Each structure stands twice: as C-alpha cells, then as structure tokens.
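Q: Going line by line, the protein sequences match chains R and D. First residue of the first sequence? That's 1 in my numbering, and the numbers climb one at a time after it. First residue of the second sequence? That's 218 in my numbering, and the numbers climb one at a time after it. If you scroll down you'll find the structure; I have some questions about it.
2 protein chains.
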Amino acid sequence: MTITITAFEQSPDGGKGLARDTRIRWALEEVSQPYEVRLVSFRAMKEPAHLALHPFGQIPTYQEGDLVLFETGAIVFHIAQRHAGLLPADANARARAITWMFAALNTVEPPILELATARLLEADKPWYQERLPLVADRVRCRLKQLSAHLGGADWIDGAFSAGDLLMVSVLLRLRSSGILDEYPNLAAYVARGEARPAYKRAFTAQLAVNTAKSPTG
Amino acid sequence: MTITITAFEQSPDGGKGLARDTRIRWALEEVSQPYEVRLVSFRAMKEPAHLALHPFGQIPTYQEGDLVLFETGAIVFHIAQRHAGLLPADANARARAITWMFAALNTVEPPILELATARLLEADKPWYQERLPLVADRVRCRLKQLSAHLGGADWIDGAFSAGDLLMVSVLLRLRSSGILDEYPNLAAYVARGEARPAYKRAFTAQLAVNTAKSPTG
C-alpha cells in the first residue's frame with residue numbers, strides 16, 4: 001500500500017528541515033520505505049478536507065490504505081513498529097526507546113516550543129527582551145540534564161532508535177538560537193543524526209520542495 | 218513482579234490529582250494491576266539516586282523488575298500494551314488511539330503547560346497581566362479544534378482508551394483557569410473521565426498521600 005504524507009506547500013523555514021514532515025521522511029528513509037508527498041497550502045490546512053485528516057489543522061499527516069494518522073510521535077512509532085531499524089527487539093530496551101520518544105516530545109520540546117513561540121509571536125511586545133532570557137533558561141535546564149545523561153555516548157540508549165530520531169529533530173529547532181552549542185556533546189549528537197544517510201535523503205527531499213520554482217506540483 | 222511508581226512526598230497541588238503520578242495510578246487501576254508507591258521529596262528528586270531513574274529529576278518513575286521507565290506517556294503505553302483495557306485490539310484503531318496519546322502530550326498539553334508556567338513563574342512580572350490573555354488564547358485555539366473533533370461523542374475515537382486517559386488528564390490541569398468550561402462538551406468529557414471507577418480510585422489514593430498528617434512513611 002502506498003504511504004502518502006502531507007507537507008507544507010511552502011515551509012515557514014524555507015527548507016531548513018524544521019517542518020515536522022522531515023521527521024517522518026527521516027523515519028521512512030531509515031527503514032527504506034518509499035512514500036509520496038502531498039503538499040498543502042496554509043489555507044487548505046484549515047479547511048474541512050484537511051481537518052478530517054488532522055483535527056488540529058497541521059502537517060504532517062500519514063495515509064496508508066484506510067489508516068489515517070497525525071502527530072509525528074505516533075507516525076514515527078507506527079513506522080518503527082512495522083519495520084526493523086528504529087526500535088530494539090529486546091522488550092525492555094524497546095520500552096526505554098519509546099520512553100525517549102515521549103521525553104523528546106513532552107519534556108524537551110515544550111520549552112523549545114515556548115522559546116520559538118516567544119520569538120515568532122512576541123518579538124514586538126514590550127516585554128520581549130526582558131522575558132527571553134527566562135525562557136531560554138528553561139530550555140537550558142532541560143539541555144543540561146539531557147547532556148549529563150548522554151555523556152560521551154553516541155546515542156541516548158545504546159543503538160540509534162526512534163527516540164534519537166525525535167530528540168535530534170527537537171534539538172535541531174534550537175540551532176539558530178545558539179543555545180545548542182553551549183552543550184558540545186549535544187551539538188555533536190545532533191550532528192551525528194544529521195550525518196546519517198537517511199537524514200540526508202530526508203533533508204534533501206524537503207529542501208527540493210522549498211527550492212522549486214513553482215511552489216506546488 | 219511488583220510495580221513501584223514514584224510520587225511527590227508533598228504534591229504542589231495539595232492532592233488535586235494534577236501531579237503526574239495520578240495518570241499512572243489511573244492506568245494501573247483501569248487494568249486492575251496492583252502497585253506500590255515510593256514517595257520522593259523535592260530535594261531527593263534532584264539527587265543522583267533519583268536522576269539515575271529519571272534523568273530530568275521528576276516524578277513519576279515506573280519500576281518493574283529490571284525495567285525502569287519515566288515519562289507518563291511511555292509508562293501508560295507500557296501498561297496499555299501489556300494489559301487489555303486501554304488500547305483497542307484492531308490494528309488501525311490501536312494506531313489511532315496511540316495518535317491521541319501523542320496529541321494529548323505534544324499538541325494539547327504544551328500551551329496548557331505554557332499557561333501554567335506563566336501563572337506559576339511569571340505572576341510577579343510586569344508583563345503578566347497583559348501577556349496572560351495571549352497565552353490563554355493559544356490554549357483556546359487547541360480546545361476549539363478538539364471540541365469540534367469530539368462533537369457529541371463520549372470518547373475521542375470509539376471506546377475509552379489510553380488516548381482519552383491522557384487527554385482528560387491534560388485537560389484537568391485547565392480547570393482552575395475557567396477555560397475548560399468555555400467548551401461544554403470538553404468539560405463533560407473530562408467529567409466522564411473523572412466518573413470512571415478507576416479514576417476515582419487513583420484520585421483517592423493520591424489524595425490520601427497528601428492529606429496524611431506526616432508527609433512520608
């Protein structure tokens with residue numbers, strides 16, 4: 001059955017790989033599964049046809065026959081469950097890898113999202129300059145703990161897993177802030193993720209959408 | 218094997234059920250699994266012994282023989298996978314229920330967390346009164362979409378699932394803000410969750426910890 005995902009017709013980041021379809025492309029590349037991409041405009045994302053696939057009006061979605069999924073965590077998990085390469089076979093190691101998937105999305109990403117929201121939506125507010133360091137420190141609190149846990153390891157719990165895929169993806173959103181570079185082992189961890197052939201293919205594919213002359217096919 | 222979870226020695230909410238151990242207690246009650254609770258002080262949460270279980274120095278943790286997990290999403294999923302009652306048997310329905318687990322934690326909870334953070338950590342800041350409505354509106358954006366999706370249904374995708382358990386738990390954090398009551402079907406949905414015998418047992422158990430005269434056993 002054909003896998004079809006949705007992506008931004010024009011990504012707000014202009015192709016830096018920060019839109020969430022990159023996470024799904026990366027997961028599919030890791031397990032060597034082909035996929036098709038349907039591009040969606042900002043207007044179409046809020047219309048009933050797309051809301052029927054994604055109740056929160058976002059991308060990506062994942063369609064495979066009758067199955068329709070949203071949420072990058074759930075889609076990556078679905079892919080990881082069906083194809084070898086993203087979750088360990090041992091039951092306990094698998095449960096720990098799933099723990100890191102949730103940790104990436106529910107513990108590490110929220111303060112990073114708050115920082116992104118401040119920069120995107122509150123840069124014109126009178127409190128912006130004074131508040132930003134507070135928000136950045138909340139990010140640092142999590143990064144410091146993550147850095148201590150990772151130590152000198154290549155990946156977060158043994159072999160590369162879906163937990164690493166999501167954690168690297170979440171941390172990538174921080175690069176432009178400069179905060180990631182304050183934690184050299186985390187910066188190296190992210191670079192290790194970006195160096196994976198599957199990530200490179202995913203990145204190139206999303207970039208091609210955003211550098212195409214006509215925005216939609 | 219005995220299941221042991223950790224909880225706050227003294228919960229910041231004084232027993233309103235908002236500490237995250239309640240989510241785990243609820244899941245275990247839904248599948249009728251006994252568990253033990255080890256209480257942890259704020260100081261102990263930041264010490265090496267606890268950080269070895271939970272790298273981000275929080276509660277709850279979950280221990281069962283050699284297995285150590287953290288992250289409520291991962292723990293609820295682990296319980297749901299091993300015992301009937303929290304995930305549908307049909308593969309597609311199961312994938313959708315997992316999608317709602319991630320939606321609760323990665324789409325609905327982040328703005329609710331941002332609102333809680335503002336109220337907890339920025340109430341003394343000069344921008345607090347002006348900024349709060351902006352943050353509340355970000356919560357409303359998600360609630361409006363969730364409310365439209367739920368419509369008149371009892372649960373979010375057919376039978377009660379781990380997705381509902383986490384979504385109700387996340388929405389409960391909003392009650393004191395009054396925002397939840399702006400969406401009557403969501404308020405009724407949360408009340409439906411609270412009315413479940415398993416939730417009531419979980420709530421009573423966490424309350425008992427917080428109303429005990431001496432805070433630790």
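Note that beta-carbon positions come from the ideal geometry of N, C-alpha and C, so glycine has one too. Note that the structure is a prediction, hence the values are computed from the model and not measured.
Could you please give me the residues that DSSP links to R255 (chain D) through a beta bridge?
A: According to DSSP, R255 (chain D) bridges with D:T223.
Q: How is V168 (chain R) classed by DSSP in three states: helix, strand or coil?
A: It is helical.
Q: With 8 Å set as the bound, which would you pick, yes or no: does the beta-carbon of I315 (chain D) sit closer than that to a beta-carbon of chain R?
A: By this cut-off, I315 (chain D) is an interface position.
Q: Within the continuous alpha helix (DSSP H) that includes L332 (chain D), where are the two ends?
A: 326-338 is the span of the alpha helix (DSSP H), which, as asked, contains L332 (chain D).
Q: Under DSSP, the alpha helix (DSSP H) around E194 (chain R) begins and ends at which residues?
A: Counting along the chain, the alpha helix (DSSP H) containing E194 (chain R) begins and ends at 184-194.
Q: According to a CB-to-CB cut-off of less than 7 Å, which residues of the segment 288-301 of chain D neighbour chain R?
A: Of all residues in the segment 288-301 of chain D, E288, G290, A291, F294, H295 have a Cβ within less than 7 Å of some Cβ in chain R.
Q: Which chain A residues sit within Cβ distance under 7 Å of L424 (chain D)?
A: No chain A appears in the structure shown, which is made up of the protein chains R and D.
Q: Once the 5 residues before and after G231 (chain D) are set aside, which same chain residues still bring their CB inside 8 Å of it?
A: Contacts found: N427.
Q: Is it buried or exposed for F259 (chain D), if we count other Cβ within 10 angstroms and need 16 for buried?
A: Exposed: under 16 other Cβ atoms inside 10 Å.
Q: Closest to L105 (chain R) by C-alpha separation, out of R:I3, R:F203, R:V170, R:E194, would be which residue?
A: Nearest of R:I3, R:F203, R:V170, R:E194 to L105 (chain R), Cα basis: R:V170.
Q: Taking contact to mean 3 or more Cβ pairs, one atom from each stretch, closer than 8 Å, check whether the segment 130-143 of chain R and the segment 76-88 of chain R are in contact.
A: No, they do not touch.
Q: Using a Cβ cut-off of 8 Å, which residues of the segment 117-133 of chain R contact any Cβ in chain D, in chain order?
A: Of all residues in the segment 117-133 of chain R, T117, L121, E122, K125, P126, W127, E130, R131 have a Cβ within less than 8 Å of some Cβ in chain D.
Q: Taking the continuous alpha helix (DSSP H) assigned at V209 (chain R), which residues delimit it?
A: Looking at the DSSP string, the run of the alpha helix (DSSP H) that includes V209 (chain R) is 197-211.
Q: Assess, as a yes-or-no matter, whether the segment 399-415 of chain D is touched by the segment 343-354 of chain D under the definition of 3 or more beta carbon pairs within less than 8 Å.
A: Short answer: they don't touch.
Q: Give the residues from the segment 262-285 of chain D that approach chain R closer than 7 Å (Cβ to any Cβ), ordered along the chain.
A: So the close ones are P272, F273, G274, D283, L284.
Q: R175 (chain R) to A269 (chain D), Cα distance in whole Å?
A: Cα-Cα distance, rounded: 28 Å.
Q: Can you tell which of R:Y189, R:R20, R:T2 has the C-alpha that lies nearest to the C-alpha of P34 (chain R)?
A: Selected option, being the one with the closest Cα: R:T2.
Q: Where does Q33 (chain R) sit, in a helix, a strand or coil, going by DSSP?
A: In the structure shown, Q33 (chain R) sits in coil (DSSP, three-state: anything other than H, G, I, E or B).
Q: Counting only Cβ pairs nearer than 7 Å, list the residues of chain D close to N92 (chain R).
A: Chain D residues near N92 (chain R): D283, L284.
Q: So, do the segment 175-186 of chain R and the segment 120-128 of chain R have three or more beta carbon pairs nearer to each other than 8 Å?
A: As far as the Cβ criterion goes, the segment 175-186 of chain R does not touch the segment 120-128 of chain R, which means the pair count is below three.
Q: By the 8 Å beta-carbon criterion, what residues does the segment 241-263 of chain D contribute toward chain R?
A: Listed by position along the chain: nothing, the set is empty.
Q: Please report the distance separating the alpha-carbon of V40 (chain R) from that of V385 (chain D).
A: When rounded, the distance between both Cα atoms is 31 Å.
Q: I'd like to know whether the C-beta of A19 (chain R) is nearer than 8 Å to at least one C-beta of chain D.
A: It does not; no Cβ of chain D falls within 8 Å.
Q: Taking the CB atoms as reference points, tell me whether R242 (chain D) and T221 (chain D) lie closer together than 8 Å.
A: No, the pair does not count as a contact, with Cβ atoms beyond the cut-off.
Q: Are P327 (chain D) and L115 (chain R) close, meaning C-beta to C-beta below 8 Å?
A: It is not a contact, given that the beta carbons lie outside the stated cut-off.
Q: Distance check for G57 (chain R) and V68 (chain R), CA to CA, integer angstroms please.
A: Rounded to whole angstroms, V68 (chain R) to G57 (chain R) spans 14 Å at the Cα level.
Q: Across which residues does DSSP place E64 (chain R) in a beta bridge pair?
A: R:I3, R:L67.
Q: How many Å lie between E47 (chain R) and A291 (chain D) at the Cα?
A: Straight-line Cα distance between these residues: approximately 33 Å.
Q: Cα separation between G152 (chain R) and G17 (chain R)?
A: Their Cα atoms are separated by approximately 26 Å.
Q: So, does the CB of A320 (chain D) fall closer than 8 Å to a CB anywhere in chain R?
A: Judged by the 8 Å Cβ criterion, A320 (chain D) is in contact with chain R.
Q: Does DSSP put E47 (chain R) in a helix, a strand or coil?
A: Here E47 (chain R) sits in coil by DSSP.
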